[in-house]
Structure formats: C-alpha cells, structure tokens
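In what follows, a structure is listed as structure tokens, so that the remarks can point back to it.
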Amino acid sequence: GGVLVDVRTRAEWTFVGLPDLTSLGKRVVPIEWTSFPDGAPNPAFLDELRAVVPTEETTVLFLCRSGARSVAAQTAAGAAGYSRTVNVLEGFEGDVDAQGAAGSLRHLGRDLLVDGAHALDHGLVHAQQRDLDGGVVGDD
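With the working numbering as the guide, the letters of the sequence shown map in order to residues 427 to 566.
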C-alpha cells in the first residue's frame, strides 16, 4: 500500500482539514513543503519524510492544494532515492462559498493511485474531512 503525504501548510490543514482515509484503514501524513505566510521551504522536509516513510520502495503520493507544491515534493523525494512517487494532479481544494472561502467539501484528486496501478476508492473524490484533532470538518 501507499502513503499519502499532504504537503500543504499547517494553516491549510487547520483551515481546510485533512483528507480522511479511515475507511481505507490509512492515515494522511502531513509534512509542510513550505511554511505560511512567508512560503519559506521546509529544510527538514526529507528528514521528516524519512521518519514516516523509511523504505524508499514504498509508494508515496504527494498532495497539495493545486498540484504545484506536491510535484516539487515528488521531485525532491525522487532525487533522494524514493523510487515510487505519485503527484496528485488535481490537488485538494474545497468548494468556494459566497465570500470566496473554501467550503467543507474537499475534492481529492481523481488520479490518486496506489502502487502505480490501482485507483483509490473513488468515494474519496468528495471525501469526509477531519481537522488536525480528528474532528469532522465536512461530509458529503
């Protein structure tokens, strides 16, 4: 099985929530690629990744809001020796409300793959989300 690494910022995890993979018996690993608000790179990114994904042959899926930071994280992980990396192309972004703020439903990229071949449960496209403390943020 694969590991989903959410490379958004702590602010995004707090405001938007994390994908809920409990129905698959999995959890999301949050590791910032950059910090908020300055956008400074996380110098400990690869050390943090190695701490949770010690085997470089494990499939690692990288997720951010739009796919830009996650492709950078995927590239760095590949350069560090991880041989099975996937960028979630569509990213993870909520619906926008009348004020332009992200809503409670989050869209997990439809191309999310595990072991490079099998799509994760398509029910995750509109997945229930949990905040950092495990509380439900939204549910479709």
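For each residue, glycine too, the CB sits at the ideal point set by N, CA and C.
For Val478 versus Tyr508, is the C-beta distance shorter than 8 Å? What you label residue 478 is simply residue 52 of the sequence shown in a count that begins at 1. What you label residue 508 is simply residue 82 of the sequence shown in a count that begins at 1. Not a contact, by the Cβ cut-off of 8 Å.
Determine whether the beta carbon atoms of Pro511 and Phe488 lie at a separation below 8 Å. Locating residue 511 in the sequence shown gives position 85, where the first residue counts as 1. Locating residue 488 in the sequence shown gives position 62, where the first residue counts as 1. Sequence inspection shows Thr at residue 511; the Pro mentioned does not correspond to that position. A Cβ-Cβ contact shorter than 8 Å links Thr511 with Phe488.
Under the three-state DSSP convention, the category Val479 falls into: Looking up residue 479 in the sequence shown gives position 53. Note: Val479 maps to coil in three-state DSSP.
Restricting to Cα atoms, I'd like to know which of Leu450, Ala470 and Phe462 is closest to Ala439. By one-based count along the sequence shown, residue 439 stands at place 13. The residue you asked about is not Ala; residue 439 is Trp in the sequence shown. Ranking the options by Cα distance to Trp439, first place goes to Phe462.
Between the C-alpha atoms of Ala470 and Val454, what's the straight-line distance to the nearest angstrom? On the sequence shown, position 44 is the one that residue 470 refers to. On the sequence shown, position 28 is the one that residue 454 refers to. So the two alpha carbons sit approximately 18 Å from each other.
Could you pull out every unbroken alpha helix (DSSP H) segment of at least 4 residues lying fully inside the stretch 454–523, listed in chain order? Listed in chain order, they are 471–478 and 494–505.
Between the CA atoms of Ala503 and Ala494 - distance to the nearest angstrom: Mapped onto the sequence shown, residue 494 falls at position 68. Mapped onto the sequence shown, residue 503 falls at position 77. Taking the straight line joining both Cα atoms gives about 14 Å.
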